[in-house]
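In this text, residue positions in the sequence shown follow our numbering: the first is 11, and each later residue adds one. The beta-carbon is built from N, C-alpha and C at its ideal position, and this holds for glycine as well. This structure is a prediction, so every number in the text was calculated from the model and none was measured.
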Amino acid sequence: MARRRSSSSATKPRRRHQPLVATSQRQAAPVSARAGGASRASEAAEPEALVVTYWFDSGDGGEPYDAKVRLTGRRVGIRGTPRPGDSFIRDETIEGVVPGTGPVSLTAWVYGLEHGEWEVDARLIPTSPGGRSANPRTVALPPIQPATWSWRRWSVSTAPVAPIKTRWALTAPLARQPAVVPGVYTALAVVGFVVALALQAAILGRAGMPFEPPLAASVVALVAGLIGAKAWYAVLHPDESLIKGGWAVDGFLVVAPLVAAITLVAWDQPIGRVLDATTPGIFFAVALGRVGCFVTGCCAGRCTASRWGIWSSDRRVGARRIPTQLIESAAGLALAVASLAIVLANAVPIGGALFVAAFAAYALIRQVLLRLRAERRRSPRSLPATAVAAGLVAITVAVLAIVQAT
11 MARRRSSSSA
21 TKPRRRHQPL
31 VATSQRQAAP
41 VSARAGGASR
51 ASEAAEPEAL
61 VVTYWFDSGD
71 GGEPYDAKVR
81 LTGRRVGIRG
91 TPRPGDSFIR
101 DETIEGVVPG
111 TGPVSLTAWV
121 YGLEHGEWEV
131 DARLIPTSPG
141 GRSANPRTVA
151 LPPIQPATWS
161 WRRWSVSTAP
171 VAPIKTRWAL
181 TAPLARQPAV
191 VPGVYTALAV
201 VGFVVALALQ
211 AAILGRAGMP
221 FEPPLAASVV
231 ALVAGLIGAK
241 AWYAVLHPDE
251 SLIKGGWAVD
261 GFLVVAPLVA
271 AITLVAWDQP
281 IGRVLDATTP
291 GIFFAVALGR
301 VGCFVTGCCA
311 GRCTASRWGI
321 WSSDRRVGAR
331 RIPTQLIESA
341 AGLALAVASL
351 AIVLANAVPI
361 GGALFVAAFA
371 AYALIRQVLL
381 RLRAERRRSP
391 RSLPATAVAA
401 GLVAITVAVL
411 AIVQAT
């Protein structure tokens, strides 16, 4: 890997400064820096983070390829002997760039730097099929430019070249990125949960049933489902922090219905009727939550040159992608509207049948969409395991509802 060396004097030897060098092949996941004081003096001494975004054109034709971007940074206004945190060289590899997708953006986080303004340069490094650097004289590379994002035009464009200021490391994940608004998923998920609980209470009240015990059971199931979602994500991503890691919807879908059914049985509540009344709210919450996923940059689809693709980000690489989150949101909305119409028409022949049918349909849709995501599953058995778990949940709920009814 190339390193930048400072010039040495001919008469008096100086200590050579080596820039901070880092390499990232798949995901530049932010990590927290040391906690610092709130005073300006300690802020100046505490290593901080730099967040940069560049873009280039994917090209017009050919096979998918890997693009290596070399970022070189140097702090502005260095006085005296440069320190390790005054410069850096970082290589970022974008795997599977699809020609014909248009602009491709890369956002990188660099930690452990000195406070101040930085001049950052980026260039594409030619690579051979084996991932090794190729001869730059034999490869034509597109220019790479600083990126800015326009929500109004929904497009990435070239930003003016200017020094970039560091920021407190803990706030680096909140830095502006193309097509990403941090925190939207959490906000919409909370709204979805409130809508689901309110709709459940309204449907049960319309049917002349007390809604307090089912509502309490739903809250218990919700908490258990969140624990299941976090645990499921931890199993799929063992290298990520449990606190900073994400949430897996599959874990929620497996744990929450089971806990709800068991709680309703323990409290002598009609499982089938309560779960049927809960079904519309669940899928309205899914519809809202997946819109949040799309804007937050999680669960992103694969890159595609199809005109049906939508430019979006996975919180690191922005490109035209299969909008898996929006497809899942539309499916959730369709299930919510259909199940609500059936419940309001009192057209459920057997208590619990609506929930089981909607749950099974959603599980099948997810199996298709999971195969269209950019994220690679660590084990090829994870998708079949998810399908089996969802099937067992549906069967268990159906059996409990039938046994209770008889």
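Distance, residue j Cα to residue i Cα
i, j, result
"A367", "C308", "27 Å"
"A189", "I174", "20 Å"
"R376", "V200", "22 Å"
"A399", "A315", "34 Å"
"V413", "G215", "25 Å"
"H125", "P57", "6 Å"
"T158", "A182", "17 Å"
"A208", "S228", "11 Å"
"P152", "S68", "8 Å"
"W242", "P248", "10 Å"
"V191", "P359", "44 Å"
"A341", "A297", "8 Å"
"A185", "G71", "33 Å"
"P224", "E385", "37 Å"
"G106", "M219", "54 Å"
Neighbourhood of residue i by C-beta, 8 Å cutoff - its chain only, sequence neighbours within 5 removed
i, result
"V407", "P267, L268, A271, I281, L285, G362, F365, V366 and F369"
"F304", "S322, P333, Q335, L336 and S339"
Residue j beta carbon less than 8 Å from that of residue i
i, j, result
"D101", "R85", "no"
"Y64", "A132", "yes"
"F262", "A287", "no"
"I213", "V353", "yes"
"L116", "I104", "yes"
"F98", "I154", "no"
"T306", "V205", "no"
"A197", "G299", "no"
"I231", "T273", "Note on identity: in this sequence residue 231 is Ala, with Ile being the wrong assignment. Going by C-beta atoms, A231 is nearer than 8 Å to T273."
"V114", "V275", "no"
"W128", "G83", "yes"
Counterpart residues of residue i in DSSP-defined beta bridges
i, result
"Q155", "W65"
"G328", "S115 and S323"
"E129", "R84"
"V120", "L60"
"K175", "E127"
"R383", "G311"
"Q187", "V190"
"I135", "K78"
"M168", "Reading off the sequence, residue 168 comes out as Thr, not Met. Paired residues: A157."
"V107", "Y75"
Contacts around residue i, its chain only, beta-carbon distance under 6 Å, and the 5 residues preceding and following it disregarded
i, result
"A357", "none"
"A329", "T111, V114 and C313"
Residue i versus the options, residue with shortest Cα-Cα distance
i, options, result
"A415", "G328, D278, A295 and P224", "D278"
"R177", "A341, L402 and G122", "G122"
"D292", "I154, A172 and V259", "A quick correction: the sequence has Ile, not Asp, at residue 292. Cα-wise, what sits closest to I292 is V259."
"L345", "I360, A329, A404 and A373", "A373"
"V120", "A411, G72, A179 and R162", "A179"
"R163", "I320, I405, G202 and I237", "I320"
"F203", "G218, L236, E222 and P223", "L236"
"L81", "V61, P92, V130 and G90", "V130"
Proximal residues to residue i (C-beta, below 7 Å), its chain only, five neighbours per side dropped
i, result
"L382", "G311, R312, I332 and T334"
"G350", "Looking at the sequence provided, one finds Leu at residue 350 rather than Gly. Once the five neighbours on either side are set aside, the close Cβ partners of L350 are P290."
"A411", "I281, G282, G361 and G362"
"Q187", "T63, T117, S323 and R325"
"A295", "G202, F203, V205 and A206"
"V108", "S68, P74, C313, T314 and A315"
Short CB-CB distance (under 8 Å) between residue i and chain B
i, result
"A351", "Any reference to chain B falls outside this structure, which holds one protein chain only."
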